[in-house]
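Numbering (UniProt numbering), first residue to last: 1 to 112.
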């Protein structure tokens, strides 16, 4: 299936009742600051779906999730619009994920 067709298919899914429910769940979590990491988002939406919508390779997406500082401002803006939150809310989430990721890497280095 062509990439554009898959994007359109995903976007149309997220316009259905089930898709909107998933988006609203994430929107509420981001707005209330109860979602603190990407794995919490991926419990609701598949990694590959978000990766396809962002238009990047799966490998690049995984690297960006591991080090959220690698997300571009355009990608953060897209995610904010997709989840229906303010840009600043999404930026704050990515920044928090970045700090959490950095602290986890430091603690794993200390254990060695």
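Yeah, the Cβ is synthetic: ideal placement off N, Cα and C, and Gly gets one too.
Predicted model, so just to flag it, every value in this text is computed and none were measured.
Original post:
residue 64: buried (16+ other C-beta within 10 angstroms of its C-beta) or exposed?
Top reply: That one is buried.
Original post:
Where does residue 86 fall in DSSP's three states?
Top reply: It is coil, neither helix nor strand.
Original post:
Taking the alpha-carbon positions, what's the residue 28 to residue 43 distance?
Top reply: 14 Å
Subject >> Span separating the alpha-carbon of residue 56 from that of residue 20 >> reply: 23 Å
Original post:
Cα-Cα, which of 92, 39, 74 is closest to residue 31?
Top reply: Ranking the options by Cα distance to residue 31, first place goes to 92.
Original post:
Looking at the structure shown, is residue 55 part of a helix, part of a strand, or coil, going by DSSP?
Top reply: coil
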